[in-house]
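2 protein chains.
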Amino acid sequence: MDNRVLLGQEAVADLYEQGYFGRPRELGLELSLVEAAYLLDRSRIKVSLNGADLDFQAFFQMASSLEIGFEFRYVVYKDLRERGYYVQPGRPDFRVYPRGGHPGKSPAEFYVLVISERMPLPLQELIEPVRLAGQMRKKLMLAIVDEESDITFYEAKEKAMAGSMDEQEPGGMATLLEDRVVLWDPLASKRLHEHGFYGKPVGERLQLSLVESAYLLEKKQIQLVNRASEALDLQDFLARARQIESDFDLKYSVYRDLRDRGMVVKTGFKFGTHFRVYKQVQSMEKVPHSEYLVHTMPADHIFLPPVLSRAVRLAHSVRKQMVFAYPDKEVRYLEIRRLKP
Amino acid sequence: MDNRVLLGQEAVADLYEQGYFGRPRELGLELSLVEAAYLLDRSRIKVSLNGADLDFQAFFQMASSLEIGFEFRYVVYKDLRERGYYVQPGRPDFRVYPRGGHPGKSPAEFYVLVISERMPLPLQELIEPVRLAGQMRKKLMLAIVDEESDITFYEAKEKAMAGSMDEQEPGGMATLLEDRVVLWDPLASKRLHEHGFYGKPVGERLQLSLVESAYLLEKKQIQLVNRASEALDLQDFLARARQIESDFDLKYSVYRDLRDRGMVVKTGFKFGTHFRVYKQVQSMEKVPHSEYLVHTMPADHIFLPPVLSRAVRLAHSVRKQMVFAYPDKEVRYLEIRRLKP
Chain A
99 MDNRVLLGQE AVADLYEQGY FGRPRELGLE LSLVEAAYLL DRSRIKVSLN GADLDFQAFF
159 QMASSLEIGF EFRYVVYKDL RERGYYVQPG RPDFRVYPRG GHPGKSPAEF YVLVISERMP
219 LPLQELIEPV RLAGQMRKKL MLAIVDEESD ITFYEAKEKA MAGSMDEQEP GGMATLLEDR
279 VVLWDPLASK RLHEHGFYGK PVGERLQLSL VESAYLLEKK QIQLVNRASE ALDLQDFLAR
339 ARQIESDFDL KYSVYRDLRD RGMVVKTGFK FGTHFRVYKQ VQSMEKVPHS EYLVHTMPAD
399 HIFLPPVLSR AVRLAHSVRK QMVFAYPDKE VRYLEIRRLK P
Chain B
99 MDNRVLLGQE AVADLYEQGY FGRPRELGLE LSLVEAAYLL DRSRIKVSLN GADLDFQAFF
159 QMASSLEIGF EFRYVVYKDL RERGYYVQPG RPDFRVYPRG GHPGKSPAEF YVLVISERMP
219 LPLQELIEPV RLAGQMRKKL MLAIVDEESD ITFYEAKEKA MAGSMDEQEP GGMATLLEDR
279 VVLWDPLASK RLHEHGFYGK PVGERLQLSL VESAYLLEKK QIQLVNRASE ALDLQDFLAR
339 ARQIESDFDL KYSVYRDLRD RGMVVKTGFK FGTHFRVYKQ VQSMEKVPHS EYLVHTMPAD
399 HIFLPPVLSR AVRLAHSVRK QMVFAYPDKE VRYLEIRRLK P
């Protein structure tokens with residue numbers, strides 16, 4: 099047994115042509131261990147080793163020893179088959195055919211990556227199949243198996259972010275306090291808030307967050323002083339902002355990229371993410387719901403599946419799309435959404 | 099100026115008796131910096147330093163230099179006053195009086211802890227005011243100020259967890275596979291699943307998670323072998339479980355405590371927490387919604403406010419209570435819920 103189970107010619111007609119199990123070969127039908135376990139559990143095949151029949155328990159224990167991750171793949175394979183999909187082994191784990199399609203008739207719709215809830219998932223290991231699937235015009239399905247063998251399905255894909263806001267308005271002189279910035283001039287405060295949804299009005303003043311202040315300073319829309327009325331340039335301010343928030347540069351690079359793309363970017367704190375993002379905000383009287391939650395991460399980030407699950411679930415519960423942003427020469431965006439196959 | 103602003107006798111009648119600002123002293127009324135900034139912004143008082151009047155901007159910048167966290171406390175004080183509450187300084191940051199009550203008439207209802215979104219919050223620094231508030235029969239209000247000066251309010255309190263499940267049923271012989279356990283006997287599988295909601299049925303078999311297996315093994319309801327059919331005792335199994343999940347002991351101690359309290363405990367993976375917990379599950383035909391999401395943490399855990407915010411928001415969006423569990427001789431439970439004051 100070398101991780102494949104071989105059946106005779108008669109199986110091609112019985113199992114492949116009826117249900118697209120296995121791959122026809124010169125001398126018969128070849129099954130993966132997962133396919134064989136599935137058919138053995140249904141008494142569709144018998145498996146013998148060295149002349150003796152193996153029952154399901156013996157076969158399953160052996161397969162679990164032979165292949166790392168066998169149990170997870172079995173759970174996912176079984177689930178997808180029982181939902182009526184044709185499934186074939188393939189990179190990264192499976193290929194799934196669209197409803198009404200099958201191997202030999204139509205191309206696969208999904209590539210499937212099987213993930214254990216307990217296995218940390220490096221962002222780079224996710225990006226690779228996302229890009230591959232994109233190039234092949236497939237969708238990438240993530241099948242995350244939890245400790246009770248329940249499966250949650252997600253789709254992961256690259257996302258183009260774009261909004262339709264105009265250039266920002268000029269502001270004026272602002273002061274950096276302990277860890278936020280106050281713009282004191284009432285007219286400039288009103289202008290910046292109403293055209294671009296910058297800051298939070300406090301009385302007639304405007305409180306600006308650190309990323310907002312850095313952006314407006316970089317675009318020369320505000321000038322900045324500290325509490326001793328000494329002028330601060332962008333470099334001074336960035337140095338101070340890094341002291342307050344250790345990942346400020348990462349966060350700011352994403353904030354700037356999204357603003358440069360014409361989007362409105364506000365804190366996502368209430369949703370536990372870095373930003374909530376609007377394609378457009380036309381007036382402060384009618385602020386729409388934000389379309390996206392965006393969380394920033396370094397390129398070497400490692401996802402923990404429960405944290406990923408929580409972020410996506412929360413975004414959907416407030417009808418937003420969950421987008422992860424990471425630097426890679428330029429800023430790139432990865433959307434992850436729940437699938438119900 | 100030593101972090102207090104002193105007003106004359108006439109202010110007692112004007113500010114204290116009309117609005118419960120400040121504390122009457124022998125020679126007049128004493129205000130905290132936060133109270134003074136609030137009244138100065140409304141032109142209710144004038145503040146002079148060394149004979150010269152300070153405008154709001156000058157006073158605010160000075161107060162922000164004198165007191166760490168002044169800006170956060172100002173934002174929270176202003177918000178609560180504008181909602182019509184009487185607020186006094188006090189441990190940890192403020193005391194808030196119930197609607198219709200005021201200082202001198204009724205006791206405070208809430209102790210308020212002001213937290214910046216950016217400041218990591220050690221669990222122990224949260225437990226201390228929670229206990230203090232509990233002893234004084236107050237509620238503890240957390241006011242978390244985000245980078246845009248929006249405030250999210252929470253209540254934190256100790257929680258007594260209890261359910262009403264009976265003793266579990268005996269199981270039988272199970273096998274530890276790669277990282278989960280399978281009970282092969284159909285009758286025992288049915289019994290354990292239907293009386294106690296253990297495991298997940300796969301065909302007529304039952305898959306048990308690691309914590310379920312450890313608990314049933316400890317209670318001598320199952321016996322366990324590995325894939326080579328060698329018997330595993332509880333210590334063998336715990337050693338293997340720790341290899342698979344580095345925080346297994348912590349998670350298991352909470353699982354066992356909740357099960358011992360008569361509750362039903364299942365994975366909370368879909369909600370991004372360790373467990374979802376039911377007070378009672380009477381039959382598999384009518385599984386109710388779970389009442390709690392429980393996340394375990396070591397006693398030296400440090401909360402990040404955005405993570406806390408996400409957990410509570412997600413729990414409420416699925417109508418569950420968010421409970422954090424940590425060891426402290428015995429397992430203790432901390433409920434955090436959103437407040438809308």
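Taken in sequence, the protein lines are chains A and B. For the first sequence, the working numbering gives the first residue as 99, with consecutive numbering after it. For the second sequence, the working numbering gives the first residue as 99, with consecutive numbering after it. Ideal Cβ positions, reconstructed from N, Cα and C, are used throughout, including at glycine.
Can you confirm whether residue i, when its beta carbon is compared against all beta carbons of chain A, has any partner nearer than 8 Å?
i: Q319(B); result: no
i: R408(B); result: yes
i: I342(B); result: yes
i: R216(B); result: yes
i: R171(B); result: no
i: Q155(B); result: yes
i: Q159(B); result: yes
i: E276(B); result: yes
i: M99(B); result: With a pLDDT of only 49 at M99(B), under 50, the local geometry of the prediction cannot be trusted, and no value is derived from it.
i: R181(B); result: no
i: H200(B); result: no
Would residue i count as contacting chain B if we go by Cβ distances under 8 Å?
i: T394(A); result: no
i: E292(A); result: no
i: G269(A); result: no
i: F369(A); result: yes
i: S141(A); result: no
i: F168(A); result: yes
i: L304(A); result: no
i: K71(A); result: For chain A, the structure presents residues 99 to 439; residue 71(A) sits outside this window and is missing.
i: E245(A); result: yes
i: S163(A); result: yes
i: G301(A); result: yes
i: R57(A); result: This structure gives no information on residue 57(A), because the portion of chain A shown stretches from 99 to 439.
i: D248(A); result: yes
i: P404(A); result: yes
Compare the C-alpha of residue i against each of the options and name the closest.
i: A397(A); options: F295(A), L221(A), D331(A); result: L221(A)
i: E245(A); options: D426(B), Q107(B), V363(B); result: V363(B)
i: G297(B); options: L285(B), A286(B), E310(B); result: E310(B)
i: F158(A); options: W282(B), G120(B), Q321(B); result: W282(B)
i: V280(A); options: F154(B), A109(B), R121(B), L432(B); result: F154(B)
i: A161(A); options: M420(B), L304(B), R436(B), R325(B); result: R325(B)
i: E115(A); options: H291(A), Y184(A), Y431(A), G270(A); result: Y184(A)
i: R189(B); options: V103(B), V173(B), P299(B), V210(B); result: V210(B)
i: L224(A); options: R436(A), S415(A), K438(A), F401(A); result: F401(A)
i: D248(A); options: G366(B), R408(B), L238(B); result: G366(B)
i: E165(A); options: R181(A), A135(A), D151(A), G149(A); result: A135(A)
If I'm right that residue i touches residue j with Cβ under 8 Å, what's the distance once you round it to whole angstroms?
i: L275(A); j: E169(B); result: 6 Å
i: D277(A); j: I342(A); result: 5 Å
i: F295(B); j: L315(B); result: At roughly 18 Å, the Cβ-Cβ gap does not stay under 8 Å, so F295(B) and L315(B) are not in contact.
i: E302(B); j: P284(B); result: 4 Å
i: V385(A); j: V379(A); result: 6 Å
i: Y313(A); j: R340(A); result: Not really, about 15 Å apart at Cβ, beyond 8 Å.
i: R408(A); j: G370(B); result: 2 Å
i: A423(A); j: V352(A); result: 4 Å
For residue i, which three-state DSSP category applies?
i: E207(B); result: coil
i: L460(A); result: Residue 460(A) lies beyond the residue range present for chain A, which begins at 99 and ends at 439; the question has no answer from this structure.
i: V173(B); result: helix
i: Q419(B); result: strand
i: Y252(A); result: strand
i: D358(A); result: helix
i: Y350(A); result: helix
i: K438(A); result: coil
i: D426(A); result: strand
i: A409(B); result: helix
i: R140(A); result: coil
i: H393(B); result: strand
i: H414(B); result: helix
i: D244(A); result: coil
i: K384(B); result: coil
i: Q305(A); result: strand
i: S146(A); result: strand
I'd like the ranges of any alpha helix (DSSP H) spanning at least 4 consecutive residues and lying wholly in the stretch 102 to 129 of chain B. none
Give the list of continuous beta strand (DSSP E) stretches no shorter than 3 residues that lie fully inside the stretch 266 to 295 of chain B. 271 to 274, 279 to 281
Could you pull out every unbroken alpha helix (DSSP H) segment of at least 4 residues lying fully inside the stretch 179 to 240 of chain A, listed in chain order? 221 to 233
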